[in-house]
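Residue numbers (the working numbering), protein chains in the order written: chain D, 48 to 161; chain V, 84 to 196. The C-beta atom is built at its ideal place from N, Cα and C for all residues, glycine as well. Taking it in order: structure first as structure tokens, then the write-up.
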């Protein structure tokens, strides 16, 4: 069964550094999302992406964040200048198309900012 | 903005008992309500979902009910087993952002043998 994949599984970085988190959504999916989960808390929406553009972003998704679909398979989240509070698990998700289609989550990237 | 509340935050049951987790949502336009199970350090895994045109859905030991009028939905697990122990999140779609999911705060279910 196809799965969403993410790399790396764990990223450790120094405050102020740039990080790029990578995701490969399921191949026939058209809608892509990034969520994050601070340790012990709920999953929070960051951004949704469709047809090569952002459809919505949350308050968390400020100017330090960007997303890109550089080719037909990858979907990336970039944090330009990481802060301590960016430490969290970042999940990519994708779904086929319909408003009630299931969103499938990747295994996550644990980002630790020191 | 959209909000989903979930109760209880922790739930301890004996193996074989039933467990019920309840959620309420604020966005009357929400039309899709998934439940995810998350084991420690793992991704959220969909266990069951319900769409707004249905009041109840069952899959073996798991069932979900939806009351659109009251904006409530609930997860029911019967004959619980130790492997059911995990954190369970309810979610509801928002009417924006291509149906982004708004998650509840999670319920830590512990099933004791």
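- Check the Cα spacing between residue 100(V) and each of 168(V), 176(V), 175(V), 188(V): the tightest is with 168(V).
- For residue 131(D), the three-state secondary structure derived from DSSP is helix.
- Residue 142(V) has 145(V) as its beta-bridge partners, per DSSP.
- Bounds of the beta strand (DSSP E) holding residue 158(V) are 155 to 160.
- For residue 59(D), no chain V residue has a Cβ inside 8 Å of its Cβ, as the nearest lies near 16 Å away.
- In the DSSP assignment, residue 110(D) falls outside any beta strand (DSSP E), carrying neither H nor E.
- Per DSSP, the beta bridge partners of residue 90(V) are 105(V).
- For residue 65(D), there is no enclosing beta strand (DSSP E), as DSSP gives it neither H nor E.
- The C-alpha of residue 171(V) lies about 5 Å from the C-alpha of residue 120(V).
- Residue 172(V) reaches chain D at 89, 90, counting residues in chain order whose Cβ is nearer than 8 Å.
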